Amino acid sequence: MLKKRIIICLDVKDGRTTKGVKFQNNIDIGDPVEMAAEYYRQGVDELVFYDIIASARGRGPILDLISRVAQQVFIPFCVGGGIGTIEDIRSTILAGAEKVSLNSQAVKNPGLITEGAKVFGSQSIVLGMDVRRDPTKPSGFGTTINGGRVDTGLDALEWAKRGVELGAGEIVLNSMDADGTKNGYDIELTRLISENVPVPVIASGGGGTPAHLADALTTGKADAALVASMVHNGTYTVGQIKDELNRNGVPVRL
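Under this note's numbering, the first residue of the sequence shown carries the number 769, and numbering increases by one thereafter.
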């Protein structure tokens, strides 16, 4: 059976790791290079690094910081935020990332997904989605960009399917309603997308206990679970999360 992945997210603002709740009230929690090195030591499967203000400020990725993180970790490393051109993708991968996450820029220029997949392979192109419950949408979920500040008008399920058709090889599915709450992932959303696209789906937003991850990875049918608050605040180590998942029959890399 394919092993489920545990991925840690580092949200970065002005060169520092930050954490908020539902994308609000962010606080500084540390140096992303030091934190990446520590989580690598703990045995995390992958890291995701999001520059949460790059798109809103209209600038590209911070290549120096990406390079410094990449020198500390020898696992798949995905970078998102402000990547709007093929040159941005190329420079990010050359700085040490294996994958790039396209979110706001993919909505504004869907052709970037196709072009990126053609040049670098679909395994390097991740569709990032910030999703909110929206009863006016056919699936019950809508898509936002620019750190949740702009409603795109897109139905989440339709955009997920289209993103994969365009060439995305993976989806990071973030529930804006659950983000930072530590009350559990949005299982309905996770399962909806997981069952309707042929690529891996990473559940994001709301992880607070290993039981929440188990729920997302089994009932939610996610291929991986992304965590932030529950490890950043020291409540759990990666090893503790994996041990508990393993005890509950969820196949993980120990």
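Ideal placement from N, C-alpha and C gives every residue a C-beta, glycine not left out.
All figures in this text were calculated on a predicted structure; none of them were measured in a lab.
For residue 866, the residue or residues it bridges with in DSSP: As a working mapping, residue 866 is identified with position 98 in the sequence shown. Answer by DSSP bridge pairing: none, since residue 866 is not bridged.
Three-state secondary structure (DSSP) of residue 938: What you label residue 938 is simply residue 170 of the sequence shown in a count that begins at 1. The answer is strand: DSSP assigns residue 938 an E or B state.
Beta strand (DSSP E) runs wholly inside the stretch 902 to 985, at least 3 long, in chain order: Counting only unbroken stretches of 3 or more residues, the beta strand (DSSP E) elements lying wholly within the stretch 902 to 985 are 909 to 913, 918 to 923, 938 to 943, 969 to 972, in sequence order.
Assigned secondary structure, residue 841 (DSSP; H/G/I helix, E/B strand, else coil): Here residue 841 is taken as the residue at index 73 of the sequence shown, counted from 1. If DSSP states are grouped into helix, strand and coil, residue 841 belongs with coil.
Burial state of residue 827, where buried means 16 or more other Cβ atoms lie within 10 Å: Taking the first residue of the sequence shown as 1, we reach residue 827 at position 59. When all chains shown are included, residue 827 counts as exposed.
When 864, 849, 809 are compared against residue 916, the one with the closest alpha-carbon: Numbered from 1 along the sequence shown, position 148 holds the residue referred to as residue 916. Distance from the Cα of residue 916 is smallest, within the candidate group 864, 849, 809, for 849.
Contact set for residue 875: own chain, Cβ-Cβ below 8 Å, skip 5 residues either direction: The count along the sequence shown starts at 1 and reaches residue 875 at position 107. Once the five neighbours on either side are set aside, the close Cβ partners of residue 875 are 911, 913, 920, 922, 927.
Extent of the continuous beta strand (DSSP E) run through residue 816: Numbered from its first residue, the sequence shown carries residue 816 at position 48. 814 to 819 is the extent of the beta strand (DSSP E) around residue 816.
Helix, strand or coil at residue 1002 according to DSSP, with G and I counted as helix: Working through the sequence shown from its first residue, we reach residue 1002 at position 234. It is coil, neither helix nor strand.
Closer than 8 Å to chain D by CB, residue 896: Considering every chain present, this structure includes no chain D. It has just one protein chain.
For residue 900: DSSP bridge partner residues: As a first step, residue 900 is located in the sequence shown; it is residue number 132 there, counting from the start. DSSP, once it has assigned bridges, lists 910 as partnering residue 900.
Cβ-Cβ distance between residue 925 and residue 881 below 8 Å: Residue 925 sits at position 157 when you count from the first residue of the sequence shown. Residue 881 sits at position 113 when you count from the first residue of the sequence shown. When the beta-carbon positions are compared, residue 925 and residue 881 stay at least 8 Å from each other.
Through-space distance from residue 891 to residue 934, alpha-carbon basis: Within the sequence shown, residue 934 is the residue found at index 166, counting from 1. Within the sequence shown, residue 891 is the residue found at index 123, counting from 1. Distance between the alpha carbons of residue 934 and residue 891: 13 Å.
Reduced DSSP category for residue 1007 - H, G, I as helix; E, B as strand; rest coil: For the purposes of this step, residue 1007 is taken as residue 239 along the sequence shown, with counting starting at 1. Shown here, residue 1007 sits in a helix according to DSSP, grouped into three states.
Reference residue 999, options 975, 938, 840, 863, closest by Cα: Position 231 of the sequence shown, counted from the first residue, corresponds to residue 999. The option with the nearest alpha carbon to residue 999 is 975.
Counterpart residues of residue 785 in DSSP-defined beta bridges: Here residue 785 refers to the residue found at position 17 of the sequence shown. 780, 798.
Three-state secondary structure (DSSP) of residue 988: Taking the sequence shown and counting its residues from 1, the one referred to as residue 988 is at position 220. Correct three-state label for residue 988: coil.
As assigned by DSSP and simplified to three states, the class of residue 894: Taking the sequence shown and counting its residues from 1, the one referred to as residue 894 is at position 126. Annotated three-state conformation of residue 894 is strand, per DSSP.
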